[in-house]
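Down below is the structure, laid out as structure tokens.
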């Protein structure tokens, strides 16, 4: 009886959830705000009409942020002026609710509330956002986003310092508090060429010496694929035989123990075969970098950054000691 009751209770819960979702979707299709949850910043929710109504005070703040963003202000600058979080401002300006729309799940419906931004202004904001993302991806420094502090774990940043370009821990940069890991971090500041030269020295050394490349990534030249596949076939046959014994109700306990061991061994072999495939991919990686030393100076910056993205995981700075972690997995 308890089992039957629990089944019906679960069915009732699922029915309520389904009806709620259908109700929310129907409200969105009819142009009404779904109610509950967080109301869009520049609006208030009128429970009697089920509609969003403009909050004049918040709309004035929205208009300020919109205008400044269209004039070229960054989210960081807007954050300093308004006191709101950068990511929060970004989310507010990207919201389609401001267009008089009601987003629900992956669809957008026409709302009954008044828009607070024109289609043209909204598109301009999105174009600024796309350009910003493009500029962020197109980094101006070779190792941007790849250098980390060993003491606090924060990223290192590049900064022009007179005629020099230095790299230092973001925890020592107070303008972006979200990136600070330890405000008391005293890790060393380095000229950018000290880090980049160290990285390039190791990269070029590997490009000239395949043995060094293999040693760095602990690669083996022995191909065990055939042997492992043979073992895998034998194990699979033994597993099938044991399953047959179980079905015949013969020596159940002993057979189950042996079956468990064989399945574990099978899993290990499959993992080893996957590692070999990874090694083959790593060998292809060496083919791609073996001529880097001779062509590096003639490569465009974008091409160099592609090499960094492909090969370099991160560089950890611990005083003047630099530890390079590569993307090619070590075994």
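Numbering (the working numbering), first residue to last: 1125 to 1455.
Idealized CB from N, CA, C, for every residue including glycine.
Same chain only: Cβ atoms within 8 Å of residue i, ignoring 5 sequence neighbours per side
{"i": "residue 1245", "result": "1190 and 1194"}
{"i": "residue 1130", "result": "none"}
{"i": "residue 1428", "result": "1266 and 1420"}
{"i": "residue 1383", "result": "1363, 1366, 1367 and 1370"}
{"i": "residue 1243", "result": "1223"}
For residue i, the first and last residue of its enclosing beta strand (DSSP E)
{"i": "residue 1168", "result": "1167–1170"}
{"i": "residue 1124", "result": "One cannot answer for residue 1124 here, as it falls past the ends of the chain, which runs 1125 to 1455."}
{"i": "residue 1178", "result": "1175–1178"}
{"i": "residue 1223", "result": "First-last for residue 1223: undefined, no H or E at that position."}
{"i": "residue 1231", "result": "1231–1234"}
{"i": "residue 1270", "result": "Segment: none, residue 1270 is in no beta strand (DSSP E) and carries neither H nor E."}
{"i": "residue 1163", "result": "No beta strand (DSSP E) contains residue 1163, which DSSP labels as neither H nor E."}
{"i": "residue 1447", "result": "1445–1450"}
Three-state secondary structure (DSSP) of residue i
{"i": "residue 1310", "result": "coil"}
{"i": "residue 1296", "result": "helix"}
{"i": "residue 1346", "result": "In this prediction, residue 1346 scores a pLDDT of 40, lower than 50, which makes its location untrustworthy; no coordinate-derived value is stated."}
{"i": "residue 1305", "result": "coil"}
{"i": "residue 1330", "result": "helix"}
{"i": "residue 1285", "result": "strand"}
{"i": "residue 1406", "result": "At residue 1406 the pLDDT is 47, less than 50, meaning the model places this residue with poor confidence; the figure from the coordinates comes in the next sentence. If DSSP states are grouped into helix, strand and coil, residue 1406 belongs with the helices."}
{"i": "residue 1321", "result": "helix"}
{"i": "residue 1380", "result": "helix"}
{"i": "residue 1280", "result": "strand"}
{"i": "residue 1417", "result": "helix"}
{"i": "residue 1156", "result": "coil"}
{"i": "residue 1246", "result": "helix"}
{"i": "residue 1240", "result": "coil"}
Beta-carbon spacing of residue i, residue j below 9 Å
{"i": "residue 1439", "j": "residue 1317", "result": "no"}
{"i": "residue 1148", "j": "residue 1158", "result": "yes"}
{"i": "residue 1319", "j": "residue 1441", "result": "yes"}
{"i": "residue 1292", "j": "residue 1314", "result": "yes"}
{"i": "residue 1273", "j": "residue 1302", "result": "no"}
{"i": "residue 1286", "j": "residue 1235", "result": "no"}
{"i": "residue 1152", "j": "residue 1226", "result": "yes"}
{"i": "residue 1380", "j": "residue 1359", "result": "no"}
{"i": "residue 1241", "j": "residue 1222", "result": "yes"}
{"i": "residue 1331", "j": "residue 1416", "result": "yes"}
Limits of the alpha helix (DSSP H) - the one that residue i falls within
{"i": "residue 1216", "result": "1210–1218"}
{"i": "residue 1205", "result": "1199–1206"}
{"i": "residue 1428", "result": "1425–1435"}
Neighbourhood of residue i by C-beta, 6 Å cutoff - its chain only, sequence neighbours within 5 removed
{"i": "residue 1262", "result": "Residue placement at residue 1262 is poorly supported in this model, since its pLDDT is 48, which falls under 50; the coordinates are not used for a value here."}
{"i": "residue 1356", "result": "1393"}
{"i": "residue 1294", "result": "1278, 1279, 1281 and 1303"}
{"i": "residue 1233", "result": "1152, 1153 and 1226"}
{"i": "residue 1312", "result": "1443"}
Contacts around residue i, its chain only, beta-carbon distance under 7 Å, and the 5 residues preceding and following it disregarded
{"i": "residue 1126", "result": "none"}
{"i": "residue 1179", "result": "1166, 1167 and 1168"}
{"i": "residue 1270", "result": "1432, 1436, 1438 and 1439"}
{"i": "residue 1282", "result": "1265, 1268, 1289, 1291 and 1316"}
Closer than 9 Å to chain B by CB, residue i
{"i": "residue 1438", "result": "The structure shown has no chain B; it contains just one protein chain."}
Quiz item: Is the segment 1162–1176 touching the segment 1211–1223 in the sense that three or more CB pairs, one from each, lie closer than 8 Å?
Solution: Cβ pair count under 8 Å is three or more, so yes.
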